[in-house]
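The structure appears below as structure tokens.
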Amino acid sequence: TANLYRPDKPGKFPGILLPLGHWEYGKPAVQTIAANFALKGFVVLTYDPWGQGERKQIYDARYGNSLANQGTEQHLLAGGLSALLGQSFARYRIWDAKRALDYLVSRPEVITDRIGCTGCSGGGTITTYISALDSRIKVAAPACYINTFRLLFSGPLGDSEQSIPNFLASGLDIADYIELFAPKPWLISSTREDFFPLAGARMAFEEAQRWYGLLGADDKIKWAVGPGGHGTPLEIREAIYEWMIRWLKDGNGSAREEPFALLPEHALWAAPKGQVANIAGSREVFDIIRDEYRSSFRHGSRAELTALLNKLIDPPRQAPPIRMEGDRVAFETEPGLELTARLLEPARSDASEGVLLVDTKAEVPQHARDLVNAGNTVLVVTPRGCTSNGSNSGRTYSGDWHPNVQAWLVGRNLPAMRAHDILNAYQILKSRPHVDPAKIRVEASAIAGTWALLAAAVEPGIASVRLQQTPYSFAQAFENPLTRDLHSAIIPGFASHWDLADLVDADRLLWTDPVDWLGHVVPLKGRYAYTPAVQ
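Here the sequence shown is numbered in the numbering used here, starting from -8 and rising by one per residue.
Below you can see the structure in the form of structure tokens.
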């Protein structure tokens, strides 16, 4: 769904592709800049991204909105499923931009070798991608995006299309996109109070400036800084007009912004009642991802699975040094990262079974005390990065996406790291003098059960695994894309070859009350057990 702005006169004109940022209502947010470009002699195409404006995903007509709430949540849900296939949601955003560009250059009034691209925030992201990857873009001007992960990484990251797995592990940073575009004209625009730090924009600009200098194109890289927070104030909009006029119209025209009467949102609708979902036969991005999953799945071997998990988890083969204070056991799970577990031992000193209880709340549950009273030695461990409610995002569905995405960026995997923590705790429990090492089981519930499965998959010494209300299948997530906490179980590419049931053989596993990715218990046949209903 797009709007085309064009000059009210005959002739041929340069074109501007205007990707949108993360504004819920989509196209209306850019009327001023789009209309002004048309008034200045440009043909402008702006279009709704997935999950915004007229392209809401998981849309419910009765509710009049997406069941997944805001657009960024929809991006994260699609991003999680994409990652399970070893892909990035960025591919769908880039494809949108390429198809929008195809349409723009097909217009008879457009000069096809004079195309610019500009957008703010998430629109700046797509401007950066499409400009670097499509040679038809001749001038680029992303706003409130260009920065460096050297500063962004420790703060709030962008959603799925902005945080590509292995990007930093590959030695890349945002300025590298500019260098792909060089020596064509590139304008970086920033604002002083943006959450994208000004210092990071300066670092990216200075790196790109050196590259342009090597190519003898110093005049084709520029940095504009305006007042205020995240967005495009008048000063930035006029800097963008000036840049496009300079390079696409040979400097002919005024960059001064002209007044424009904004239209109501419904006047800009392209789809019936303002939603593509109302068009018969329309498909969501989740339908496309599901089809990709079904067509590309090839079951991997046990040997391949073991090799992958051993590489990711790096299972410890002996107990780390510990420091005890009362029932608290402190240990370094990897250099510089210390965890504290709770060791609960029965009163009698004869050999006991060991239970490793994986918990996400950093407290001793009553179940642990019940196990001790039954004669077991119990170690309660909370793997790295868990918070009191299992999530630090405040989002309804995408849960603990942020630290998982941080790990992907640097080529690591948080579920695998948490499995490593569990195995360090297992080795500690195994080393206790009164614990029978052949009789240690791991217990976990909810999303933590997936980490327990990973740990047991690479440690045959774990006698058994007991799960309670743990999601049972990645395949189910592709069938119903409304999920909770999926990011906390994702190994990128895993679902192209395996599912959760492939991790541990049924004879080592008691899986009680399996759930879907919304936490609903699902009646299944075979290896699963169920708790009797409460009267």
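All residues carry an ideal CB built from backbone N, CA and C; glycine is no exception.
Compare the C-alpha of residue i against each of the options and name the closest.
| i | options | result |
| --- | --- | --- |
| Leu328 | Arg375, Gly317, Ile304, Asp341 | Arg375 |
| Ser112 | Pro176, Lys240, Pro188 | Pro188 |
| Val34 | Gly2, Thr63, Tyr16, Tyr54 | Gly2 |
| Gly110 | Ala195, Thr23, Ile49 | Thr23 |
| Asp51 | Phe251, Ala268, Gln467 | Ala268 |
| Leu473 | Leu11, Ala321, Thr387 | Thr387 |
| Arg237 | Leu178, Val372, Gln43 | Leu178 |
| Gly510 | Gly220, Thr461, Pro311 | Thr461 |
| Thr182 | Ala192, Phe322, Val276 | Ala192 |
| Val276 | Leu11, Leu494, Leu68, Gly6 | Leu68 |
| Ala88 | Gln65, Ile155, Arg127 | Arg127 |
| Lys240 | Asp507, Ala524, Ala20, Ala29 | Ala29 |
| Glu226 | Tyr284, Ala252, Ala134, Ala160 | Ala134 |
| Leu370 | Lys264, Val525, Leu334 | Leu334 |
| Glu100 | Val426, Gly17, Met194, Asp(-1) | Asp(-1) |
| Glu152 | Gly517, Trp86, Pro224, Ala342 | Trp86 |
| Leu11 | Leu58, Ile121, Ser422 | Ile121 |
| Thr63 | Asp150, Lys211, Ala298, Glu434 | Asp150 |
List the DSSP bridge partners of residue i.
| i | result |
| --- | --- |
| Lys213 | Leu178 |
| Gly440 | Gly440 is not bridged to any residue. |
| Met315 | Val320 |
| Val355 | None, per the DSSP bridge assignment. |
| Asp51 | Asn56 |
| Pro133 | Gly110 |
| Gly517 | Paired residue(s): none; Gly517 is not in a bridge. |
| Val506 | Pro462, Val512 |
| Leu328 | Glu325 |
| Ser343 | Val426 |
| Arg432 | Val346, Ser455 |
| Leu500 | Val456 |
| Leu334 | Leu370 |
Around the Cβ of residue i, are there at least 16 other Cβ atoms within 10 angstroms (buried) or fewer (exposed)?
| i | result |
| --- | --- |
| Ile431 | buried |
| Trp41 | buried |
| Ser436 | buried |
| Leu515 | exposed |
| Arg84 | buried |
| Ala359 | buried |
| Lys140 | Here residue 140 turns out to be Phe, not Lys, going by the sequence shown. By the neighbour-count rule (16 or more Cβ atoms within 10 Å), Phe140 is buried. |
| Ser382 | Only weak support is given to the placement of Ser382: the predicted model assigns it a pLDDT of 44, under 50, and the question is left unresolved by the model. |
| Ser79 | buried |
| Phe186 | exposed |
| Val513 | exposed |
| Met315 | exposed |
| Glu249 | exposed |
| Phe322 | buried |
| Ile49 | buried |
| Leu330 | buried |
| Leu445 | buried |
| Phe144 | exposed |
| Ser379 | Reliability of the predicted coordinates at Ser379 is poor, the pLDDT of 46 falling under 50, and the value obtained from them is presented with this limitation in mind. Ser379 is exposed by the Cβ-count criterion. |
| Tyr521 | exposed |
| Ile270 | exposed |
| Gly162 | exposed |
| Gly242 | exposed |
| Pro394 | buried |
| Gln43 | buried |
So residue i and residue j are in contact, right, with Cβ under 8 angstroms, and what is the actual spacing, rounded?
| i | j | result |
| --- | --- | --- |
| Asp490 | Phe469 | Actually they do not touch by this definition, with Cβ atoms about 11 angstroms apart. |
| Ala208 | Ala261 | Rounded, the Cβ-Cβ distance is 38 angstroms, inconsistent with contact. |
| Tyr38 | Ala(-7) | 4 angstroms |
| His478 | Gly402 | Actually they do not touch by this definition, with Cβ atoms about 16 angstroms apart. |
| Leu303 | Asn404 | 5 angstroms |
| Gln459 | Thr503 | 5 angstroms |
| Val372 | Pro337 | The Cβ separation is near 18 angstroms, so there is no contact. |
| Leu8 | Ile280 | That pair is no contact at about 25 angstroms. |
| Gly345 | Thr368 | 5 angstroms |
| Asn157 | Trp399 | 7 angstroms |
| Tyr232 | Ala215 | Wrong, their Cβ atoms sit about 11 angstroms apart, outside the cutoff. |
Provide the residue span of the alpha helix (DSSP H) that contains residue i, from first to last.
| i | result |
| --- | --- |
| Tyr284 | 276 to 287 |
| Phe4 | Careful: Phe4 lies outside any alpha helix (DSSP H), inside the beta strand (DSSP E) at 4 to 10. |
| Ala166 | 166 to 172 |
| Leu142 | 140 to 143 |
| Pro406 | 405 to 421 |
| His393 | 392 to 400 |
Could you give the first and the last residue of the continuous beta strand (DSSP E) run that contains residue i?
| i | result |
| --- | --- |
| Asp104 | 101 to 111 |
| Leu370 | 368 to 372 |
| Asn(-6) | -7 to -4 |
| Val96 | Here Val96 belongs to no beta strand (DSSP E); instead the alpha helix (DSSP H) covers 81 to 97. |
| Tyr38 | 34 to 38 |
Is residue i close to chain C? Criterion is C-beta to C-beta, closer than 8 angstroms.
| i | result |
| --- | --- |
| Glu275 | In the structure shown, chain C cannot be found, because there is only a single protein chain. |
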